[in-house]
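To keep things clear, I will list the structure first and then write my remarks on it.
Residue numbers (the working numbering), protein chains in the order written: chain A, 123 to 447; chain B, 705 to 989.
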């Protein structure tokens, strides 16, 4: 008995165990709990014209409300389509040539619809930016003259706020994108292009640095072997620059996600930003809580997007041992 | 024998932050087909610059190098280089590293199976066929350098250029690689230009040893013919009078001060302290 107690109290063993547990779960849990407590305390002491500032409890309540609303809206949409189908079937049964009309359900998009819209928009804008930025970065990294020519332009446009681009993008899209059956909504394109314009720069810059920093000897090997430009890029430059390219892509995606919310708010384009703005204008006693749900959601989605990029980096990188954070 | 590779009055001037620095002046040398030549000299004497100019990785400021009647202007696989830091692509396996070179050099001249066999043949030459599917970081430094040599030989170069190929290895590994290299050389009779710091290595492997004076304006100070019969055995040579004579001559050159040029040619004041190594990231002694 005494022996066991002694062993338990032996400083080394005790701290080792606490350390292992602490690193994996205890410390993060402690951090989150402390944060929630402080948040609740602070929230109850801040009063606004729409009631108290939302604390964790309000957020929880509003989250379940939003989930309920989503499902009831879905049920309503389903009922609508069922009715429409029934009506049309009856009409056709009476007269085979009767004009039949199919209408899409025009209910209000729920919170989760808005999240999905925002995700689709940021994905589109980000992919567009990456498709331009990575090749451009590779060119700048490989060729000093190109870099010197392109660099001033990058430096000037890099610090430009998305909101400054937005009016221009909106006007250009509405002037040039006139299709009979548009594949994309104009508002979708406005948001996506604004995102693309803002998240192109980190990828261009980091890709340039990564490509220019490839080990000189490896480049010399490639020159001695006489690899053709495309093989050189594929076999030497890309594998070596992958970590820096992904650093750029991660920065870009984070920027894009932040920019998107602002763009949606300002331009009233569907998405999370519009949800926040609508709730703000709505001004009910629930509004602040619902906005807080959106704030937390934006954070969590942003975190998950970054994790997704890490998974992709691990997938594409040759160095599986590399520690990514 | 015909002169195969000719260095003609090569001069090299680097632009540095503190002015220009004349690294090489008037380097002339004729190398015959199948000859093994070592360049030896102190750090920063411009040995690597000479090698890089032959490789085409750097351009001479004046003069130039001629291989089989053609001036060297660009790098190419007929002048393959074995780098000091093996320089294998870390993301490619041993086999793929050699394959990268073979696919480029023998594009359509060999069929797919011929290329495959040729890669394995070259890996066997350096006793690395067993590790064909390993990544460079999974094998030792000596093995990495063996692969570097295999990649070089697989290009069937007219000249093999070696930049301190064994400099980063421990003495035992170095000795084993030197033996491997001598065996390969007995078979293939390549023309080799090798940079080294190691006097024993130079005498053991070379037909001629080219001793370079220190920079600035480094040049060829002495050339020593090594007439030791081949195959050479390092144990037998340790007691050999000719071998030790050669060794002494090189050591004498390197450590008695004869490697210093009497008159230092400094183009502009302030540049005399500049080490050739610091002048440019491309050159390493």
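Heads up, the beta-carbon is just placed ideally off N, CA and C, and yes, glycines get one too.
Test: residue 357/A CB closer than 7 Å to a CB of chain B: yes
Segment limits, beta strand (DSSP E) that includes residue 895/B: 895 to 900
Contact set between the segment 409 to 441 of chain A and chain B, restricted to residues whose Cβ is under 9 Å from the partner: 439, 440, 441
Through-space distance from residue 721/B to residue 741/B, alpha-carbon basis: 34 Å
Secondary structure, beta strand (DSSP E): runs of 3+ residues fully inside the segment 322 to 396 of chain A: none
Cβ-based neighbour list, residue 272/A, same chain, cut-off 6 Å, excluding 5 preceding and 5 following: 262
Residues in the segment 336 to 353 of chain A having any Cβ partner in chain B nearer than 9 Å: Flagged, chain order: 337, 338, 339, 340, 342, 343, 344, 345, 346, 347, 348, 349, 350, 353.
Paired residues, beta bridge with residue 956/B - DSSP: Beta-bridge pairing links residue 956/B to no other residue.
Residue 873/B beta carbon less than 7 Å from that of residue 663/B: Examination of residue 663/B is not possible in this model, given that chain B is present from 705 through 989 alone.
First through last residue of the beta strand (DSSP E) which encompasses residue 826/B: Residue 826/B -> not in any beta strand (DSSP E); alpha helix (DSSP H) instead, spanning 816 to 829.
Bridge partner(s) assigned by DSSP for residue 924/B: 916/B
Sheet register partners of residue 766/B (DSSP bridge): 715/B
beta-carbon residue 943/B near the ligand FAD non-hydrogen atom, thresh 6 Å: Among the ligands in the structure shown, none appear at all, so the ligand FAD cannot be discussed.
Positions along the segment 906 to 917 of chain B whose CB lies within less than 8 Å of some CB in chain A: Here the close residues number zero.
Contacts around residue 766/B, its chain only, beta-carbon distance under 6 Å, and the 5 residues preceding and following it disregarded: Sequence-distant Cβ neighbours of residue 766/B in its own chain, meaning closer than 6 Å and more than five residues away, are 715.
Cross-chain neighbours of residue 780/B in chain A, by beta carbon under 8 Å: 346, 348
Collapsed DSSP secondary structure at residue 803/B in the structure displayed: helix
Closer than 7 Å to chain B by CB, residue 162/A: no
Test: residue 361/A CB closer than 7 Å to a CB of chain B: yes
Bridge partner(s) assigned by DSSP for residue 785/B: 865/B
Which residues DSSP lists as bridging residue 1005/B, in chain order: No statement about residue 1005/B is possible, as the shown extent of chain B runs from 705 to 989 and does not include it.
Element boundaries [beta strand (DSSP E), containing residue 741/B]: Segment 740 to 744, the beta strand (DSSP E) holding residue 741/B.
Residues that DSSP places opposite residue 707/B in a beta bridge: 736/B
Option in 885/B, 918/B, 772/B, 778/B with minimal Cα separation from residue 726/B: The residue among 885/B, 918/B, 772/B, 778/B with its C-alpha nearest the C-alpha of residue 726/B is 918/B.
Closest by C-alpha distance to residue 839/B, when choosing among 440/A, 444/A, 445/A, 446/A: 440/A
Environment of residue 946/B [buried if 16+ CB atoms lie within 10 Å]: exposed
C-beta neighbour in chain A for residue 761/B, strict 7 Å: yes
Segment contact, 8 Å Cβ cut-off, at least three pairs: the segment 797 to 810 of chain B with the segment 883 to 894 of chain B: no
Through-space distance from residue 737/B to residue 705/B, alpha-carbon basis: Confidence at residue 705/B is low in this model, with a pLDDT of 48, below 50, so its placement is unreliable and the value that follows should be read with caution. Computed Cα separation, rounded: 7 Å.
Simplified DSSP state of residue 892/B, which is helix, strand or coil: helix
Meets three-Cβ-pair contact criterion under 8 Å: the segment 247 to 264 of chain A and the segment 320 to 332 of chain A: Taking a cut-off of 8 Å on C-beta distances, the segment 247 to 264 of chain A touches the segment 320 to 332 of chain A, as three or more cross pairs fall below it.
Cβ contact (3+ pairs, closer than 8 Å) linking the segment 394 to 403 of chain A and the segment 229 to 238 of chain A: Touching, yes, given that three or more Cβ pairs across the two stretches are closer than 8 Å.
Closest Cα partner of residue 867/B within the set 724/B, 890/B, 758/B: Measuring from the Cα of residue 867/B, the nearest candidate turns out to be 758/B.
8 Å CB neighbourhood of residue 974/B in its chain, flanking five on each side removed: Annotation note: pLDDT 36 at residue 974/B (below 50); position unreliable, coordinate value reported separately. Correct list, in chain order: 722, 723.
Minimum length 4: unbroken alpha helix (DSSP H) runs contained in the segment 389 to 436 of chain A: 394 to 404
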